[in-house]
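**Student:**
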């Protein structure tokens with residue numbers, strides 16, 4: 002029963018075994034199920050299991066796809082699977098069932114990957130941790146007392162623990178890179194418009210959010226991006242065309258002489274943990290040894306202004322998500338339908354004017370032009386992925402007094418009062434202080450990746466982020482492929498994959 006060597010292979014490695022008929026898809030699915038059943042009670046990564054459908058798919062697999070027979074999990078938001086629930090981490094959507102595959106899921110089916118279930122997310126994917134009231138917290142395989150990050154926390158925990166080699170993810174403010182950094186994984190956020198968002202929507206989070214995957218290896222991420230890339234009719238954004246193979250790029254040497262800028266200073270002026278700084282310093286030293294030019298430099302972007310513009314969109318999207326619940330509930334949503342903090346964010350969205358929303362998007366465009374100019378000088382911009390290592394489970398939960406205030410304000414529907422009291426600025430600092438580095442690439446539309454380059458004294462992973470010019474995922478994959486062969490690259494293989 003199963004394939005005991007499963008954990009020693011990445012997705013492409015398993016697919017190769019299937020194609021050579023050295024192992025059957027059914028054996029891979031059986032082993033993946035066995036691992037989910039053994040690990041999920043502690044980690045709570047998988048919140049919907051699709052074992053029966055997976056076994057049927059394994060038996061009927063045609064062995065022709067890039068990831069044929071490879072077990073995979075999908076994220077419980079936007080990645081709709083016909084007939085399956087999609088709760089987005091909210092109790093309000095527990096009875097919803099998808100009527101069609103999303104375009105992303107349709108593309109994945111063509112790769113031959115087999116879906117075993119769906120992974121946990123914070124409500125509406127709003128947090129950098131995964132602790133929804135609906136499904137409970139997901140835990141980090143490196144230390145179960147800590148968060149795997151968010152919002153793709155369930156996917157990260159599943160991949161890092163060895164349940165599956167690949168899991169669906171998306172990134173609207175760091176939701177691929179943050180959990181990649183916390184769980185010792187590789188996480189690529191593609192260029193805006195590179196991967197599909199249809200068929201219902203033409204954009205997610207005004208173009209800030211992009212679909213992709215979380216993986217253990219660089220080549221799995223690259224091969225999956227080859228499969229997911231398309232010019233989608235009806236989509237609001239199109240990425241610069243790339244005619245090559247990302248998988249091939251991942252094995253090409255970068256050569257010497259790349260110019261790399263780095264910073265360990267938070268763009269919103271908040272503290273950065275020494276461990277996260279050390280991850281960058283060590284990586285900078287390694288890059289210099291590889292023959293690259295590395296220097297401390299920051300792009301001339303107003304980090305606080307950009308953070309506030311991000312939150313204006315964020316609040317507006319929450320308000321729209323709550324309003325859209327009427328389609329499922331058959332009535333207008335009320336305070337008790339969602340988590341209190343979610344309701345509060347929605348009130349702030351309702352209180353924002355159309356003028357504020359448009360001005361916030363203009364800040365994104367200004368930053369995009371600044372960054373393109375910056376990349377005329379530098380190939381990459383390197384920062385910590387996060388400003389702090391993973392928080393403990395429950396550490397970021399509002400205190401008793403804060404919960405009381407949130408409930409009183411939420412029930413009073415006083416969004417405009419919140420704005421007058423300066424709550425937006427306070428929320429910007431509090432919500433982004435642990436993860437202030439990742440939003441930039443979402444707002445400018447640039448590709449960015451988190452690479453696992455450091456372990457803290459407590460043996461928790463710390464990621465290093467690299468941002469490139471729009472359309473330059475190939476350059477990121479080349480660099481990642483080289484870094485993956487170095488001594489600094491953190492791998493959970495010996496710890497989790499046996």
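Residue numbers (this note's numbering): 2 to 499.
We put the beta carbon where it would ideally sit given N, CA and C, even for glycine.
1) Using 8 angstroms as the cut-off, can you tell me whether the region 251 to 269 makes contact with the region 481 to 490, which would need three or more C-beta pairs spanning the two stretches below that distance?
2) Three or more C-beta pairs closer than 8 angstroms, one from the region 397 to 409 and one from the region 153 to 173: is that the case here?
3) Taking the alpha helix (DSSP H) that residue 329 falls in, what are its first and last residues?
4) What would DSSP say about residue 317, mapped onto helix, strand or coil?
5) Return helix, strand or coil for residue 105, following the three-state DSSP convention.
6) By how many angstroms is the C-alpha of residue 400 removed from the C-alpha of residue 108?
7) Measuring alpha carbon to alpha carbon, tell me which of 326, 375 and 12 ends up nearest residue 263.
8) Spatial neighbours of residue 100 within its chain, please: CB distance less than 6 angstroms, with the 5 preceding and 5 following residues excluded, ordered by chain position.
9) In chain order, what residues of the same chain have a beta carbon less than 7 angstroms from the beta carbon of residue 487, not counting five sequence neighbours either side?
10) Please state if the CB of residue 211 and the CB of residue 196 are separated by a distance shorter than 7 angstroms.
11) Please determine if the region 463 to 474 and the region 369 to 387 are in contact, where contact requires at least 3 C-beta pairs separated by less than 8 angstroms.
12) Give me the Cα-Cα distance between residue 309 and residue 72, rounded to the nearest whole angstrom.
13) For a test of the three-state rule: what should DSSP assign to residue 220, helix, strand or coil?
14) With DSSP as the reference, identify every bridge partner of residue 443, one or two as the case may be.
15) Could you name the residues of the same chain whose beta carbon sits closer than 6 angstroms to that of residue 499, not counting the 5 residues immediately before and after it, in chain order?
16) Kindly list the residues whose CB is nearer than 6 angstroms to the CB of residue 151, restricted to its own chain and excluding five residues on each side of it in sequence; keep chain order.
17) With H, G and I counted as helix, E and B as strand and the rest as coil, what does DSSP make of residue 277?
18) Terminal residues of the continuous beta strand (DSSP E) containing residue 295?
19) How big is the Cα-Cα spacing for residue 259 and residue 292?
20) Excluding the 5 residues flanking residue 137 on each side, which residues of the same chain have their C-beta closer than 6 angstroms to its C-beta?
21) Measure the alpha-carbon distance for residue 92 versus residue 275 and round it to whole angstroms.
22) Give me whichever residues DSSP pairs with residue 261 in a beta bridge.
23) With a CB to CB cut of under 6 angstroms and the five nearest residues on each side skipped, what residues in its chain are close to residue 299?
24) Do residue 168 and residue 177 have their C-beta atoms closer together than 7 angstroms?
25) What distance in whole Å lies between the Cβ atoms of residue 103 and residue 119, which are believed to be in contact at a cut-off of 8 angstroms?
26) What are the boundary residues of the beta strand (DSSP E) that includes residue 168?
27) State the DSSP-derived secondary structure class of residue 128, mapped to helix, strand or coil.
28) Using only the alpha-carbon positions, how far apart do residue 352 and residue 305 sit?
29) What does residue 115 pair with, by DSSP beta-bridge criteria?
30) For the alpha helix (DSSP H) that contains residue 189, what are its first and last residues?
31) If you run the structure through DSSP and keep just helix, strand and coil, what is residue 472?
32) From residue 491 to residue 19, what distance separates their C-alpha atoms?
33) Measure the alpha-carbon distance for residue 470 versus residue 448 and round it to whole angstroms.
34) Look at the alpha carbon of residue 11 and the alpha carbon of residue 221, and state the distance between them as a whole number of angstroms.
35) Which of the three DSSP states, helix, strand or coil, is assigned to residue 237?
**Tutor:** Working from what's here:
1) Short answer: they touch.
2) Contact between the region 397 to 409 and the region 153 to 173 is not established, with fewer than three Cβ pairs separated by less than 8 angstroms.
3) Residues 327 to 330.
4) When secondary structure is reduced to three states using DSSP, residue 317 falls in the helix class.
5) Helix at residue 105.
6) A straight-line Cα-Cα distance of about 43 angstroms links residue 108 and residue 400.
7) If we check each option's Cα against that of residue 263, 375 comes out closest.
8) Nothing meets the Cβ criterion.
9) Exclusion of the five residues before and after residue 487 leaves 287 as the residues of its chain whose Cβ lies within less than 7 angstroms of its Cβ.
10) Contact flag set, yes.
11) Yes, the region 463 to 474 touches the region 369 to 387.
12) Taking the straight line joining both Cα atoms gives about 40 angstroms.
13) If DSSP states are grouped into helix, strand and coil, residue 220 belongs with the helices.
14) DSSP lists no partner for residue 443.
15) Caution applies to residue 499, whose pLDDT of 47 falls short of 50 and renders its modelled position unreliable; the value that the coordinates give is listed next. Around residue 499: 8.
16) Contacts found: 123, 128, 129, 130 and 131.
17) The answer is helix: DSSP assigns residue 277 an H, G or I state.
18) First-last of the beta strand (DSSP E) with residue 295: 294 to 297.
19) One C-alpha to the other measures close to 8 angstroms.
20) The answer, listed in chain order, is 45.
21) Taking the straight line from one Cα to the other gives about 39 angstroms.
22) Paired residues: 295 and 381.
23) Contacts found: 264.
24) Cβ atoms of residue 168 and residue 177: not closer than 7 angstroms.
25) Contact annotation, residue 119 with residue 103: C-beta distance approximately 12 angstroms; criterion of less than 8 angstroms not satisfied.
26) Per DSSP, residue 168 is one residue of the beta strand (DSSP E) stretching across 167 to 172.
27) In the structure shown, residue 128 sits in coil (DSSP, three-state: anything other than H, G, I, E or B).
28) Cα to Cα, residue 352 sits roughly 20 angstroms from residue 305.
29) Within the DSSP bridge table, the entry for residue 115 names 72 as partners.
30) Unbroken run through residue 189 is the beta strand (DSSP E), 187 to 190; no alpha helix (DSSP H).
31) Shown here, residue 472 sits in coil according to DSSP, grouped into three states, outside any helix or strand.
32) Cα to Cα, the separation comes out at about 28 angstroms.
33) Distance between the alpha carbons of residue 470 and residue 448 is about 7 angstroms.
34) Each residue's alpha carbon lies about 7 angstroms from the other.
35) Here residue 237 sits in coil by DSSP.
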